[in-house]
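Numbering (full-length UniProt numbering), first residue to last: 1 to 539.
Ideal Cβ placement from N, Cα and C applies to all residues, glycine included.
Because the structure is a prediction, the values reported are computed rather than measured.
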């Protein structure tokens, strides 16, 4: 085995490195550097919905659309009520009109009762349809988020070690906590409200055009500009939301790293430095947040300015049509048209924040699905490998070359050949960084060779069932890794089915049984995070 610190000349080493690079290149896409993650499509957010879920989502969509579509009918009732009130006033309160009689009063009260009854019916319909839609979408959003959490963690646990070498572990915790909340927020109840608002807008628009198309078109002069404003705002919101989420993810990984090594940080007085690292990413996130809300504010301001300007124009033109003697434009019809356009425009304007929520959900979903869809080269979940009846322990490296994906410029192994017989005790000796730990990790198949092969009892290690194979390997590393659980459960990690006597026997073989028994709770003692409750020797 030759290393960069070997006795070969610098020129020869450079030639070998160039030759090795030509033989096996590790692209940026392969090891995760420089990757660009696109947001998910909106419908792609529902990828974990079952057929039954899709059926109920369809019912929920219909209910939401029905709830929104019947809301503008209230404007029609207001127009009819206006006509009823004006007719009654003309008969009973204008001096030149005929004397008010019982029939006029009855007609007036019939109009009032008609208005009250149908308003109540519309309100009840909105209540029922809204409840059905909100209940369906909220339930399915919670269900899919639960499923996504499970699949996300499962896929993370099945990633290979090279993948973790080039990704920050803190990002994963951030996505579990923050991105999944934003994902759920963007596929649940807000979808119902958005659909209701859009249905209300379309229904109000149709009603206004039916009752008075000239006045309706005047009222809608602001619509094209409003659509452009909302579209630009949605694009910019998506862009800045994505940058903000990435910055918070990096900040979260820094915080996790610092808290995990808090004793070291405190010992060296590094609190201020670590806070500066954390604040640097927070400032970047804050700047993107400010930009996002700046464009939102400008967009909303322009949107409502155009809407209210069109209201003023509509009132002026509506009165002009009435004074010109157009029979279509009675006071009641004018009220119906105006309020239909007004409520429709408000529904359209109010829907803008929901577009932002969907954009954030798409950005969060894109990151999560990218991790889920990226297949590891060393796939632990595949169980179609060979399982030998026994393992003797003959380990053979044949012309193995390797470098780490995070450091492709540093060649760790080049043309390594090893043949370790069963029962042999072998020591790998060399300077730091020469590849001793790398050899051990390749035996465990944490990494695959860039060139060459590794054999176990004559079988290529790539052809073996990985889970089965690793059950036959025992490793005692320099740095002990303990989980926040009991001593008993930490020992049992090596064999989930181990009985109590087997756990005790393993502890005795490791010369740990005597001090464990002296602990107040013995094998039931909690070791704390990373074994903090035990001394260095006890670990």
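The C-beta distance from residue 347 to residue 200 rounds to 4 Å, short enough to fall under 8 Å. For residue 472, the number of other beta carbons within 10 angstroms of its own is below 16, and it is reported as exposed. Checking the DSSP bridge columns, you'll see residue 486 partnered with 526. Per DSSP, the unbroken alpha helix (DSSP H) holding residue 516 starts and ends at 513–518. In the three-state DSSP reduction, residue 378 falls in the coil class, being neither helix nor strand. Residue 503 is positioned such that its CB atom lies closer than 8 Å to that of residue 492. Each residue's CA atom was taken as its position, placing residue 307 and residue 229 some 12 Å apart.
The count of Cβ pairs closer than 8 Å, one atom from the segment 247–255 and one from the segment 300–316, stays below three, leaving the stretches out of contact. Excluding its 5 nearest sequence neighbours in each direction, residue 457 has C-beta neighbours in its own chain below 7 Å: 388, 391, 392 and 394, listed in chain order.
For residue 45, there is no enclosing beta strand (DSSP E), as DSSP marks it with neither H nor E.
For residue 360, the CB contacts under 7 Å within the same chain, skipping 5 residues up- and downstream, are 182, 186 and 241 in chain order. About 10 Å separates the CB atoms of residue 212 and residue 317; that is not less than 8 Å, and the two are not in contact. For residue 92, same chain residues with a beta-carbon under 7 Å away, outside a window of 5 residues either side, are 100 and 104 in chain order.
Cβ-Cβ distances below 7 Å link residue 376 to 158, 159, 160 and 163 in the same chain, with the five nearest sequence neighbours on each side left out; the list follows chain order. In the displayed model, residue 414 falls within a strand according to three-state DSSP. Excluding five sequence positions before and after residue 208, the CB atoms of its chain that fall closer than 6 Å to its own CB belong to 216, 337, 340 and 341, given in chain order. By the CB criterion at 8 Å, residue 191 and residue 137 fall inside the cutoff.
DSSP, read as helix, strand or coil, puts residue 428 in coil. Straight-line measurement puts the Cα of residue 297 at about 20 Å from the Cα of residue 197. In the DSSP assignment, residue 401 falls within the unbroken beta strand (DSSP E) covering 395–402. For residue 392, no beta strand (DSSP E) run applies, since DSSP gives it neither H nor E.
If you check the CB distance, residue 49 and residue 62 do not come in under 8 Å. By the CB criterion at 8 Å, residue 406 and residue 250 fall outside the cutoff. Here residue 119 really is in contact with residue 74; their C-beta atoms are around 6 Å apart, less than 8 Å.
Here the C-alpha atom of residue 426 lies approximately 56 Å from the C-alpha atom of residue 288.
Around the Cβ of residue 193, a 10 Å sphere holds 16 or more other Cβ atoms; the residue is buried. When rounded, the separation of the alpha-carbon atoms in residue 156 and residue 41 is 22 Å.
Put simply, the backbone Cα of residue 276 is about 47 Å away from that of residue 399. With a threshold of 16 other beta carbon atoms within 10 Å, residue 154 falls short and is exposed.
For residue 386, the beta-bridge partners assigned by DSSP are 464.
Residue 509 is classed as exposed because its beta carbon has fewer than 16 other beta carbons within 10 Å across all chains shown.
Contact annotation: residue 68 and residue 205 have beta-carbon atoms that are not nearer than 8 Å. For residue 452, the enclosing beta strand (DSSP E) starts and ends at 451–456. Take the alpha-carbon of residue 465 and the one of residue 379: they are about 10 Å apart.
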